[in-house]
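Trainee: The structure is given below, and queries will be raised subsequently.
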Amino acid sequence: NGIHAFCSEYNKSWPTVGTQITSIVPCTNEVIRKALYYGYNGPKNTLGTDEQAHVLTAIAISDANIGVTATDVKPKYNTFYWDIVNNPSKYPSPPNNFKAFLAIPSSNQMQTLAFYEVEKNGYVTAKKLSSNEEITNHNPCYSLKGAEYGVYKEASCAERSKIGTITIGEDGISKKYELAPGHYYTRETVAPKGYKKSDKITEFTVSSEKTTTLQLQNDPLTHEVEQILQKVDKSTGLTVPQRNATLQGA
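Mapping the sequence shown onto our numbering, position 45 (from 1) lands on 84, and the numbers just tick up by one.
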C-alpha cells in the first residue's frame, strides 16, 4: 500500500513478493519507535537518505526487536546506532500521534516488518457557562470573555506539563485548539470578569480529525448589600419633621 517498512529480524529471511501478512500489531517498544522516528524516512530523520541510512535503521530496529547486536555498522553511523540502541533516552519520545506497528508474515521463517503511521491531529474547544444565569444574564457586571484554561499532559496540571492555553471568546466559546490524539487535562488559570476562579481539573480525550467540546462552568461572585431607608421631610429634605409633625410610622 506504499507504506515504507523495515525488516526487523535480520536473522531470518526477507519476505518475498507476494508474502501474505497474517496480522498487524501495535509496537510499544520505545527503541523501535525512536529508530523509526529518527531513522531513515522518519519524521525527524537524522541519518540522511542514502542506502546505508536505510540499512542502519533496519539494523537498529532488528537489534531492539530480537536483541542481536550488529558488528558491521560503518563508522559514519556508529553514534546514531549506539545511542538509539544503548542510550535511547538521548532522543525524546515521539509524539502520541506517531504509531509504530509490526506486520507478521504467514511464514515464521521470514522477518516481521516494522512501519509507522502518523495520525492526523484533532481539536478541542471549550464552551463556558455560568452556574447562575438568573444573576449573570444581561448583567454588565459579568462577562465570560477572557477566561483562560491551561492544557496539560499530566493530571496534576503541573506547570512543567503545560502545553497550551484555551481562551474563551466574546460568545463564551473558544477557538479550536489543535492537539495530537491522546489524553489531556485542563484547569482554569484566569477567571472571567465577575466570576470565581474554578480549581476543577477536567480530563478529556482528543481523537484524530475530530473535535472534543468541553462544557466548563463558573460560579458568579455575589455580594450582600444592606439597604437603609430614611424618611425625610418633602419640603426641607431633612430627617427632622417640622413643628409638631412626625415621620414615625410612615
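Ideal placement from N, C-alpha and C gives every residue a C-beta, glycine not left out.
Please read all numbers here as calculations on a predicted model, not as lab measurements.
If we ignore side chains and look at the alpha-carbon of each, how far apart do N84 and Y76 end up?
Mentor: Numbered from its first residue, the sequence shown carries residue 84 at position 45. Numbered from its first residue, the sequence shown carries residue 76 at position 37. When rounded, the distance between both Cα atoms is 7 Å.
Trainee: Could you please give the first and the last residue of the uninterrupted beta strand (DSSP E) stretch that includes T175?
Mentor: For the purposes of this step, residue 175 is taken as residue 136 along the sequence shown, with counting starting at 1. Counting along the chain, T175 falls outside any beta strand (DSSP E), though it belongs to the alpha helix (DSSP H) covering 172 to 175.
Trainee: What would DSSP say about L86, mapped onto helix, strand or coil?
Mentor: On the sequence shown, position 47 is the one that residue 86 refers to. L86 carries a coil assignment under DSSP once its states are collapsed to helix, strand and coil.
Trainee: Looking at C-alpha atoms only, which residue of A194, I202, Q91 is the closest neighbour of I240?
Mentor: One-based indexing of the sequence shown puts residue 240 at position 201. Measuring from the Cα of I240, the nearest candidate turns out to be A194.
Trainee: What ranges does the alpha helix (DSSP H) occupy inside the region 154 to 208, keeping only unbroken runs of at least 4 residues that lie completely in it?
Mentor: Runs found: 172 to 175.
Trainee: Give the DSSP-derived three-state secondary structure of E217 in the structure shown.
Mentor: Locating residue 217 in the sequence shown gives position 178, counting from the first residue. Three-state DSSP puts E217 in a strand.
Trainee: Check the DSSP bridge columns for S52 and list the partner residues they point to.
Mentor: Working through the sequence shown from its first residue, we reach residue 52 at position 13. Looking at the DSSP assignment, S52 forms a beta bridge with M149.
Trainee: Who are L255's beta bridge partners in DSSP?
Mentor: Here residue 255 is taken as the residue at index 216 of the sequence shown, counted from 1. DSSP output for L255 lists K167 as bridge partner(s).
Trainee: Spatial neighbours of S247 within its chain, please: C-beta separation below 8 Å, excluding the five flanking residues on both sides.
Mentor: Residue 247 sits at position 208 when you count from the first residue of the sequence shown. In its chain, beyond the 5 residues on either side, N136, E158, K159, N160, G161, P220 have a beta carbon closer than 8 Å to the beta carbon of S247.
Trainee: Cα separation between L260 and V190?
Mentor: Mapped onto the sequence shown, residue 260 falls at position 221. Mapped onto the sequence shown, residue 190 falls at position 151. Approximately 25 Å between the Cα atoms of the pair.
Trainee: For K166, which of I207, P54, V94 has the nearest alpha-carbon?
Mentor: Within the sequence shown, numbered from 1, the residue matching residue 166 stands at position 127. Here the closest residue by C-alpha is I207.
Trainee: Is the beta carbon of V70 sitting closer than 7 Å to the one on A44?
Mentor: Working through the sequence shown from its first residue, we reach residue 70 at position 31. Working through the sequence shown from its first residue, we reach residue 44 at position 5. In this structure, A44 does not lie closer than 7 Å to V70 by Cβ.
Trainee: Quick one: give me the first and last residue of the alpha helix (DSSP H) that I71 is part of.
Mentor: Counted from its first residue, the sequence shown places residue 71 at position 32. Run containing I71: 69 to 77, per the alpha helix (DSSP H) assignment.
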